[in-house]
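Protein sequence lines, in the order shown, are assigned to chains A and B. Residue numbering for the first sequence follows our numbering, beginning at 452 and increasing consecutively. Residue numbering for the second sequence follows our numbering, beginning at 15 and increasing consecutively.
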Amino acid sequence: MSQETVLFLQLVISGVAIGSIYALVALGFVLIYKSTDVLNMAQGEMLMIGAWISYSLIADYRIPFVPAFFMTLAFTSLLGLAVERAALRPLIGQPIISVIMVTIGLSIFLRAMVIAIWGTQYQRYPSPIQDSVVSVGPVPIPEVYLWSLLVCLLLVGALTLGFRFTRMGIAMRAVADDQQAALSVGISVRRVFALAWVISALVSAIGGMLLANIQGVGIGLSAVGLKALPVSIVGGLDSIPGAIVGGILIGVLENLSAGYLDTPLGGGVREVAPYVFLVVVLLIKPYGLFGKERIERV
Amino acid sequence: MLTLNNVEVMYDHVILVLKGLSMEVPEGTVVALLGSNGAGKSTTLKAISGLLRTEEGDVTDGSIEFKGTRIDREDAADIVRRGIFHVLEGRRVFEHLTVEENLMAGAHTRARGASLDDDLDRVMGYFPRLIQRRKQSAGYLSGGEQQMLAIGRALMAHPRLMLLDEPSLGLSPLLVQEVFGIIRRINREDGITILLVEQNARLALSVADYTYLMESGRIVLEGAPEKLRDNEDVKEFYLGLSDVGERRSYRDVKHYKRRKRWLS
Ligand SMILES: Nc1ncnc2c1ncn2[C@@H]1O[C@H](COP(=O)(O)OP(=O)(O)O)[C@@H](O)[C@H]1O
Ligand SMILES: [Mg+2]
Numbered sequence: 452m453s454q455e456t457v458l459f460l461q462l463v464i465s466g467v468a469i470g471s472i473y474a475l476v477a478l479g480f481v482l483i484y485k486s487t488d489v490l491n492m493a494q495g496e497m498l499m500i501g502a503w504i505s506y507s508l509i510a511d512y513r514i515p516f517v518p519a520f521f522m523t524l525a526f527t528s529l530l531g532l533a534v535e536r537a538a539l540r541p542l543i544g545q546p547i548i549s550v551i552m553v554t555i556g557l558s559i560f561l562r563a564m565v566i567a568i569w570g571t572q573y574q575r576y577p578s579p580i581q582d583s584v585v586s587v588g589p590v591p592i593p594e595v596y597l598w599s600l601l602v603c604l605l606l607v608g609a610l611t612l613g614f615r616f617t618r619m620g621i622a623m624r625a626v627a628d629d630q631q632a633a634l635s636v637g638i639s640v641r642r643v644f645a646l647a648w649v650i651s652a653l654v655s656a657i658g659g660m661l662l663a664n665i666q667g668v669g670i671g672l673s674a675v676g677l678k679a680l681p682v683s684i685v686g687g688l689d690s691i692p693g694a695i696v697g698g699i700l701i702g703v704l705e706n707l708s709a710g711y712l713d714t715p716l717g718g719g720v721r722e723v724a725p726y727v728f729l730v731v732v733l734l735i736k737p738y739g740l741f742g743k744e745r746i747e748r749v
Numbered sequence: 015m016l017t018l019n020n021v022e023v024m025y026d027h028v029i030l031v032l033k034g035l036s037m038e039v040p041e042g043t044v045v046a047l048l049g050s051n052g053a054g055k056s057t058t059l060k061a062i063s064g065l066l067r068t069e070e071g072d073v074t075d076g077s078i079e080f081k082g083t084r085i086d087r088e089d090a091a092d093i094v095r096r097g098i099f100h101v102l103e104g105r106r107v108f109e110h111l112t113v114e115e116n117l118m119a120g121a122h123t124r125a126r127g128a129s130l131d132d133d134l135d136r137v138m139g140y141f142p143r144l145i146q147r148r149k150q151s152a153g154y155l156s157g158g159e160q161q162m163l164a165i166g167r168a169l170m171a172h173p174r175l176m177l178l179d180e181p182s183l184g185l186s187p188l189l190v191q192e193v194f195g196i197i198r199r200i201n202r203e204d205g206i207t208i209l210l211v212e213q214n215a216r217l218a219l220s221v222a223d224y225t226y227l228m229e230s231g232r233i234v235l236e237g238a239p240e241k242l243r244d245n246e247d248v249k250e251f252y253l254g255l256s257d258v259g260e261r262r263s264y265r266d267v268k269h270y271k272r273r274k275r276w277l278s
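Written as structure tokens, this is what we have:
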């Protein structure tokens, strides 16, 4: 295999791995949007907090990775609950723009908190994963990428099955479809909202830990939150498969454009590529790749 | 079984819609609540099921009792658990869920681990049209099938009292017959008490044991269906038959004239 092909495959595979993390974060974003009609602009900060907390537990408190992982999840789900309860529940029924403003405010607040506690320095993540490189066929790929991919696939699979087959999963989709009708069958819409925030906080935290394994922990992690928006819009904003496909597409696209265009264009392509792609997709499919079809009967 | 006592309902703290409404639904019966568009029929059902609060509505006076317990301060979900199920106007199935998932959603309040297979079979027995649609999105069903699904979804909750809001709305006459036949069977075979809201008075009178007629947030006439059927005003304005035998729509007739006559 030529050097060229190996490079290409390397970019694609690591792009899929990073993209699967985007997909995870976008899934959290879409979940909140679908169930509660809120665009959560603080998704990236929730991710960053997950990464920092696990960092502190491992590096400062010397807790082994596995218990630290679960403690982080417990803390972030509490955070998700608290945010829903304190900041968003009072806003139910308010115009979408006020709700967005509140989540933007929330993102600034959380970011300030992170800076106050952990500062702005980047830290190397105390990763349980070896620094080794494994070969996928002829293509060398750092092991962390493969772990990320595996974890994301498992998580997305579990959530998809959960939404399909469990009582609460069906309840969540029912709420997304018609809130009043959901109330009429005895679903507690309040509990569904809380659950959406908890699941979203959980997947964000896991996404944060995975990404920290690759990039280290720092304030820049929250930028992924900004990617959740184009990723979900590309996918169709209210579609979970859309978020997954959108995440992976954008991960690959970013990697390829950074790999091939950064040198000729002088850098920064990685940051711009998702938005260019977003505009192109929306021009062709205004509701995104998987946007909810409006069912019209004749 | 269900008693409404001088119930007053306001929307947005200012719009008074129910103005002291009283009615009674005895166990095991079908009670029809008739009235023209905007009379407050749907509001009455929402006051009972607790869904009023989702529309900034409140029971500001009077009381609603179900089996001797006041329920007018309870959450919609708790009211479903007590055995009251509101089948909303316009069917309101979950369009992006399959038929089967809609039915599972109807069973949301049932005990965990309860076997739902028998209930699914029972619903499919009532509505065989839904069998081959089981795995289809409910949004693609016809209006009649959606109404059947909405009633089937209610059955899954094992209610004692079903509130039906205009189940005939938008259905072809043939389907209306079918749906009403099943409403009667649900009442007789499963012993479910039914409070039926209808604009189609002829239809409602044909299934009801007792009937209330409401106008502008009040009950203006009540009695056995025969009594209402024989009432000249009901004949003229709700059944479309005037004294001279010609068919007329009640919409053609001035509202004030109607009210004046009933209230006097
Ligand atoms: N959510 C609401 N907010 C304000 N007014 C409402 C609301 N829902 C209904 N109304 C008003 O209450 C009155 C009764 O409505 P409704 O109960 O839907 O009547 P019906 O079901 O008999 O046609 C109407 O005048 C309607 O405009
Ligand atoms: Mg109505």
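Ideal Cβ placement from N, Cα and C applies to all residues, glycine included. Given the structure is predicted, the values throughout are model-derived calculations rather than measurements.
For residue i, report the span of its beta strand (DSSP E) as first-last.
| i | result |
| --- | --- |
| Tyr-226/B | 224-229 |
| Lys-33/B | 29-39 |
| Gly-570/A | Neither: Gly-570/A is in no beta strand (DSSP E) and is coded neither H nor E. |
| Gly-71/B | 71-80 |
| Glu-236/B | 232-237 |
| Ile-62/B | Run containing Ile-62/B: none in the beta strand (DSSP E); it sits in the alpha helix (DSSP H), 55-63. |
| Thr-43/B | No beta strand (DSSP E) holds Thr-43/B; DSSP gives it neither H nor E. |
| Ala-487/A | Note on residue identity: the sequence assigns Thr, not Ala, to residue 487/A. Taken as a continuous stretch (DSSP letters only), Thr-487/A belongs to no beta strand (DSSP E), being part of the alpha helix (DSSP H) at 454-487. |
| Thr-207/B | 207-212 |
| Met-118/B | Run containing Met-118/B: none in the beta strand (DSSP E); it sits in the alpha helix (DSSP H), 113-120. |
| Val-101/B | 98-101 |
Between which two residues does the alpha helix (DSSP H) harbouring residue i extend?
| i | result |
| --- | --- |
| Arg-106/B | Counting along the chain, Arg-106/B falls outside any alpha helix (DSSP H), and DSSP gives it neither H nor E. |
| Val-668/A | Note, Val-668/A: premise wrong, no alpha helix (DSSP H); not H, not E. |
| Asn-19/B | From DSSP, Asn-19/B is part of no alpha helix (DSSP H) but of the beta strand (DSSP E) over 16-25. |
| Pro-804/A | Outside the modelled stretch of chain A, which goes from 452 to 749, sits residue 804/A, for which no answer is possible. |
| Gly-620/A | 618-628 |
| Ile-695/A | 691-716 |
| Met-162/B | 157-169 |
| Asp-179/B | It is not in any alpha helix (DSSP H) - Asp-179/B instead sits in the beta strand (DSSP E) that spans 175-179. |
| Lys-736/A | Careful: Lys-736/A lies outside any alpha helix (DSSP H) and carries neither H nor E. |
| Arg-542/A | Note on residue identity: the sequence assigns Leu, not Arg, to residue 542/A. Here Leu-542/A belongs to no alpha helix (DSSP H), and DSSP marks it neither H nor E. |
Can you name the residues of chain A whose CB is closer than 7 Å to the CB of residue i?
| i | result |
| --- | --- |
| His-122/B | Arg-618, Ala-622, Val-636, Gly-637 and Ile-638 |
| Glu-115/B | Ile-621 |
| Ser-63/B | Ser-635 |
Taking Cβ-Cβ distances shorter than 8 Å, what residues in chain B pair up with residue i?
| i | result |
| --- | --- |
| Asp-488/A | Those within 8 Å of Asp-488/A in chain B number zero; the least Cβ separation is about 14 Å. |
I'd like to check one pair, residue j with residue i: are the Cβ atoms closer than 8 Å?
| i | j | result |
| --- | --- | --- |
| Tyr-506/A | Val-668/A | yes |
| Gly-702/A | Leu-740/A | no |
| Met-24/B | Asp-72/B | yes |
| Ile-196/B | Ile-208/B | no |
| Ala-477/A | Leu-672/A | no |
| Gly-697/A | Val-682/A | yes |
| Leu-524/A | Ala-656/A | yes |
| Ala-46/B | Glu-236/B | no |
| Phe-177/B | Ser-63/B | The question names Phe, yet the displayed sequence has Leu at residue 177/B. Closer than 8 Å, so yes. |
| Leu-219/B | Met-170/B | no |
| Tyr-473/A | Lys-736/A | no |
| Glu-10/B | Ser-156/B | This structure gives no information on residue 10/B, because the portion of chain B shown stretches from 15 to 278. |
| Leu-102/B | Ala-61/B | no |
| Leu-144/B | Val-193/B | no |
| Ala-633/A | Ala-622/A | yes |
Quick one: list the residues of chain B neighbouring residue i, beta-carbon separation under 7 Å, in chain order.
| i | result |
| --- | --- |
| Ala-632/A | Leu-102, Arg-106 and Phe-108 |
| Ala-625/A | Phe-108, Leu-111 and Ala-119 |
| Asp-629/A | Arg-106 and Phe-108 |
Interface residues of chain A around residue i at Cβ under 8 Å?
| i | result |
| --- | --- |
| Ala-90/B | Leu-634, Ser-635 and Gly-637 |
| Val-94/B | Ser-635, Val-636 and Gly-637 |
| Thr-68/B | Gln-630, Gln-631 and Leu-634 |
| Arg-167/B | Val-636 |
| Ala-171/B | Val-636 and Gly-637 |
So with CB distances below 9 Å, who are the chain A contacts of residue i?
| i | result |
| --- | --- |
| Arg-87/B | Those within 9 Å of Arg-87/B in chain A number zero; the least Cβ separation is about 16 Å. |
| Ala-125/B | Result: empty, since nearest Cβ-Cβ is about 11 Å, beyond 9 Å. |
Any residue with its C-beta under 7 Å from a non-hydrogen atom of ligand 2 counts. Can you list them all in chain order?
Selection output, chain order preserved: Lys-55/B, Ser-56/B, Glu-103/B, Asp-179/B, Glu-180/B and Val-211/B.
At least 3 beta-carbon pairs within less than 8 Å: the stretch 478-494 of chain A vs the stretch 553-569 of chain A:
Taking 8 Å as the limit for Cβ pairs, the verdict is that the stretch 553-569 of chain A does touch the stretch 478-494 of chain A.
Under 8 Å: do the stretch 226-234 of chain B and the stretch 35-43 of chain B share three or more Cβ pairs, one atom per stretch?
These segments touch.
Between the stretch 595-613 of chain A and the stretch 529-540 of chain A, are three or more C-beta pairs nearer than 8 Å?
Touching, no, given that fewer than three Cβ pairs across the two stretches are closer than 8 Å.
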